[in-house]
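Residue numbers (UniProt numbering): 1 to 495.
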């Protein structure tokens, strides 16, 4: 039987590190095969069968680029047709008007893009993954705020210049005499508040429910802005084509949101799924086991995650993203959860038999990303959950190497299962154990350390899941070791 090679870094090794060669990270130790207990999740039960994997997305990046390019080109073409370029070149108040019109149109496009991405449409999520959609949403959101402010400033300055009043007088005149200008002011204010609340410092200071409610007002901001656009925009008052172009964009956006959000909710409600068990996996870590009659019809890959909502008192209105931590089979799916914050400890006290809504699966952090390639899997803390599921999809020819970073051994969830899986695939397991300050003088994830643990590092694919600090350190080391960026795959928690 293939033995697992476990390398542990701890207090004694670090104390003796000055006497060791720098290319020898830790001393190897053997794990006695007889001492490793079998886990019911390490091997699929005989009568359970693997659930089907999600269908591959047929969407190409060029498709998205073409659609976005077409929408922007038509919008700019209509602006140009209505004299935008000429006014921009003339100078004076006309230039300010042209800038105001252009920034307003682009702000409208950016806001539609932002709310489409919040709907998590499946045709985009299956291609890019939810974390990338959220990054794009943030970019669209920031762009919307900047463009809305620029539109407001340019429009007010142009009005003041044309009416011969001060900026303050021009703003008061606009609000008093132009319909939908108050709505536009409310829309702008909401966009600015949403933008400020998205900064990391303010977001961390707010309760999640407060932050979420503020972002829901973004729909109102878009609606008010759209009304202002159609009633006061000179292009739309005289050009029926431009008017219907924007109405068409708005209707398409509403259709995508309704299909994705309402359709997703209906799908979740139709699935009859229940909590079957709750188990402890380590210090502050537990697992939620789910099964039900609808499970057989679901398509899930190891490494994906769901938005989980138990329908029990005090929890039904809260939803949390959790990764599948074992190969999903007809025997059930498992979510591994770390107790943190005010809500997650309550999830591990849910009673078996409780109905649970699962929205998803989401994510492209799956073994399919590296079919046939040799692998290195790197996890820290509860980041072991998707990594453990991906490991189950690995084959012996992929020679998987797993590096686990934990503060203490009790934090290593599913350790026995993982050792069984590593053994069955002829892989290696490296544990880096100890608080962060132990490694201040010698980074165990630096280039030389990674190269010592991972033979043929440049030719492998890497799957990384853990805190942002671990991700950045590992990526830096892997890139310096020659691994191309296209071979590095991440699962970002709390993007």
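Beta carbons are placed, not taken as given, at the ideal position from N, Cα and C, and that holds for glycine. No experiment lies behind these values; they were computed from the predicted model shown.
Cβ neighbours of residue i in the same chain (closer than 6 Å, five flanking residues each side left out)
i	result
residue 151	100, 103, 104, 107
residue 162	93
residue 398	374, 375
residue 230	236
residue 323	305, 385, 386
residue 393	302, 367
residue 88	95, 98
residue 407	435
residue 383	465, 466
residue 16	With a pLDDT of 39 at residue 16, under the threshold of 50, the modelled position of that residue is not reliable, and the figure given next carries that caveat. Cβ within range, chain order: n/a, list empty.
residue 334	287, 289, 325, 326
residue 480	447
residue 246	none
Span of the beta strand (DSSP E), counted from its first residue to its last, around residue i
i	result
residue 428	428–433
residue 183	Run containing residue 183: none in the beta strand (DSSP E); it sits in the alpha helix (DSSP H), 181–197.
residue 462	461–465
residue 55	Per DSSP, residue 55 belongs to no beta strand (DSSP E) and is neither H nor E.
residue 310	305–310
residue 292	That residue, residue 292, is in no beta strand (DSSP E); it is neither H nor E in DSSP.
residue 279	274–282
residue 323	320–323
residue 117	Run containing residue 117: none in the beta strand (DSSP E); it sits in the alpha helix (DSSP H), 92–118.
residue 490	488–490
Residue-level contact to chain D via CB, residue i, 9 Å cutoff
i	result
residue 93	Of the protein chains in the structure, only one exists, and it is not chain D.
Residue span of the alpha helix (DSSP H) that contains residue i, given as start and end
i	result
residue 68	61–81
residue 359	It is not in any alpha helix (DSSP H) - residue 359 instead sits in the beta strand (DSSP E) that spans 356–362.
residue 478	468–480
residue 335	Looking at the DSSP string, residue 335 is not in any alpha helix (DSSP H); the run it does join, the beta strand (DSSP E), is 333–338.
residue 300	Taken as a continuous stretch (DSSP letters only), residue 300 belongs to no alpha helix (DSSP H), as it is neither H nor E.
residue 345	344–347
residue 125	122–128
residue 172	167–177
residue 201	200–205
Cutoff 8 Å; reference residue i; Cβ partners in own chain excluding five residues on either side
i	result
residue 273	290, 291, 292, 294, 295, 355, 356, 357, 358
residue 299	51, 52, 53, 54, 55, 361
residue 177	none
residue 241	78
residue 315	309, 343, 346, 347, 350
residue 156	167, 170, 171, 174
residue 182	175
residue 260	119, 120, 121, 122
residue 482	457, 458
Same chain only: Cβ atoms within 7 Å of residue i, ignoring 5 sequence neighbours per side
i	result
residue 276	289, 290, 291, 332, 352
residue 196	202
residue 158	93, 96, 97, 100
residue 206	197
residue 268	357, 358, 359
residue 409	433
residue 220	190
residue 445	473, 474, 477
Distance cut-off 8 Å: residue i Cβ against heavy atoms of the ligand MN
i	result
residue 165	Only the bare structure without any ligand can be found here, which leaves the ligand MN out of the picture.
Cβ distance (whole Å) where residue i is taken to contact residue j below 8 Å
i	j	result
residue 303	residue 264	About 20 Å; that fails the 8 Å criterion.
residue 57	residue 126	4 Å
residue 447	residue 477	5 Å
residue 187	residue 232	Residue 187 to residue 232, Cβ: 12 Å. No contact.
residue 217	residue 190	5 Å
residue 329	residue 49	6 Å
residue 380	residue 467	6 Å
residue 403	residue 378	5 Å
residue 411	residue 282	6 Å
residue 463	residue 129	That pair is no contact at about 13 Å.
residue 228	residue 160	Actually they do not touch by this definition, with Cβ atoms about 19 Å apart.
residue 405	residue 311	Incorrect: roughly 36 Å between the Cβ atoms, too far for contact.
task = Would you be able to state if there are at least three C-beta pairs under 8 Å between the segment 84–95 and the segment 445–457?
result = Three or more beta-carbon pairs separated by less than 8 Å are not found between the segment 445–457 and the segment 84–95, which leaves the two stretches without contact.
Sequence ranges, beta strand (DSSP E) only - wholly within the segment 379–458, length at least 3 = Whole beta strand (DSSP E) segments, 3+ residues: 401–406, 428–433.
message = Whether or not the segment 141–148 and the segment 106–121 are in contact is what I'm after, with contact meaning three or more pairs of Cβ atoms, one per stretch, closer than 8 Å; do they touch?
response = In short, these stretches touch, since the Cβ pair count reaches three.
Unbroken stretches of the alpha helix (DSSP H), 4 residues or longer, contained in the segment 222–262 = 234–238, 240–257, all fully within the segment 222–262.
query = Given 8 Å as the limit, is there contact between the segment 115–127 and the segment 250–259, that is, 3 or more CB pairs closer than that?
reply = Yes, the segment 115–127 touches the segment 250–259.
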